[in-house]
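These protein sequence lines map, in sequence, to chains Z and L.
So for the first sequence, our numbering puts the first residue at 63; every next one is plus one.
So for the second sequence, our numbering puts the first residue at 25; every next one is plus one.
Below is one structure, written out as structure tokens; comments come after it.
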Amino acid sequence: QVQLQESGPGLVKPPETLSLTCAVSGYSISRGYYWGWIRKPPGKGLEWIGSGHGSGSTYYNPSLKSRATISVDTSKNQFSLKLSSVTAADTAVYYCARHGEGTCDYWGQGTLVTVSS
Amino acid sequence: QSALTQPRSVSGSPGQSVAISCTGTSSDVGAYNYVSWYQQHPGKAPKLMIYDVTKRPSGVPDRFFGSKSGNTASLTISGLQAEDEADYYCCSYAGTYTWIFGGGTKLTVL
């Protein structure tokens with residue numbers, strides 16, 4: 063059974079950098095699929111942030127590309143998100159997920175990150 | 025990259041059918057058969073209900089049906105049950121390794 067678990071600080075001060083890690087078990091991320099970050103701000107819908115691939119390639123939402131960095135560590139079977147220069151608008155529940163072109167089939171439970179001084 | 029357009033809310037009585045639309049463009053929904061639908065209950069992670077426009081993962085009841093026409097995809101839920109009350113999101117591949125979600129639809133079972 064594939065499982066994903068997000069971890070990282072729940073409070074980040076503006077304009078610092080938000081850092082999250084997603085640990086994957088039950089599947090080797092080097093085998094394939096995309097490994098993505100998705101967030102849900104309070105009262106708003108889901109937003110795809112970006113994804114990494116076991117090959118090392120990374121892909122980003124154009125609206126966040128300048129601030130987001132995703133890295134994939136196949137040796138630890140985990141992937142990470144860094145989002146720089148955060149503001150209150152980046153407050154959200156952040157999810158990691160495994161996905162293909164047409165599906166996100168496994169999700170982490172989500173972690174709330176609040177941006178506040 | 026604008027969010028796919030979904031109605032903010034839909035409602036139906038138990039046993040009835042409801043449809044949720046998801047409108048994109050010829051660059052995303054209309055271009056690829058890579059539309060998926062997710063059910064999200066409060067405080068829970070999204071759950072995959074439909075993928076590749078029409079396919080149901082194992083364990084999802086056949087009351088959930090996905091379709092697409094042109095730039096609009098739809099999720100139809102028949103035989104509404106109380107546990108179907110949730111937020112529903114569509115997602116589409118938008119080319120060049122980017123994905124886009126809809127704004128979400130709140131389904132109320134009356």
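We treat Cβ as the ideally placed atom computed from N, Cα and C, and that holds for glycine.
{"Query": "7 Å CB neighbourhood of Gln63/Z in its chain, flanking five on each side removed", "Result": "Gly88"}
{"Query": "Given 8 Å, three or more beta-carbon pairs between the stretch 78 to 85 of chain Z and the stretch 141 to 153 of chain Z", "Result": "yes"}
{"Query": "Ser41/L versus Ser128/Z - alpha carbon distance", "Result": "43 Å"}
{"Query": "Min CB distance Gly90/L to chain Z below 8 Å", "Result": "no"}
{"Query": "For Arg32/L, three-class secondary structure by DSSP", "Result": "coil"}
{"Query": "Chain L contacts from the stretch 144 to 167 of chain Z (Cβ-Cβ distance under 7 Å)", "Result": "Tyr157, Glu163, Gly164, Thr165, Cys166 and Asp167"}
{"Query": "DSSP-derived helix/strand/coil call for Ala27/L", "Result": "coil"}
{"Query": "Residues within the stretch 43 to 59 of chain L neighbouring chain Z, beta-carbon criterion of under 8 Å", "Result": "Tyr56, Asn57, Tyr58 and Val59"}
{"Query": "Contact list for the stretch 91 to 111 of chain Z against chain L, Cβ threshold 7 Å", "Result": "Gly107, Leu108, Glu109 and Trp110"}
{"Query": "Short CB-CB distance (under 8 Å) between Tyr89/Z and chain L", "Result": "no"}
{"Query": "Terminal residues of the beta strand (DSSP E) in which Glu109/Z lies", "Result": "Glu109 to His115"}
{"Query": "Run of the beta strand (DSSP E) containing Asp167/Z, from where it starts to where it stops", "Result": "Cys166 to Trp169"}
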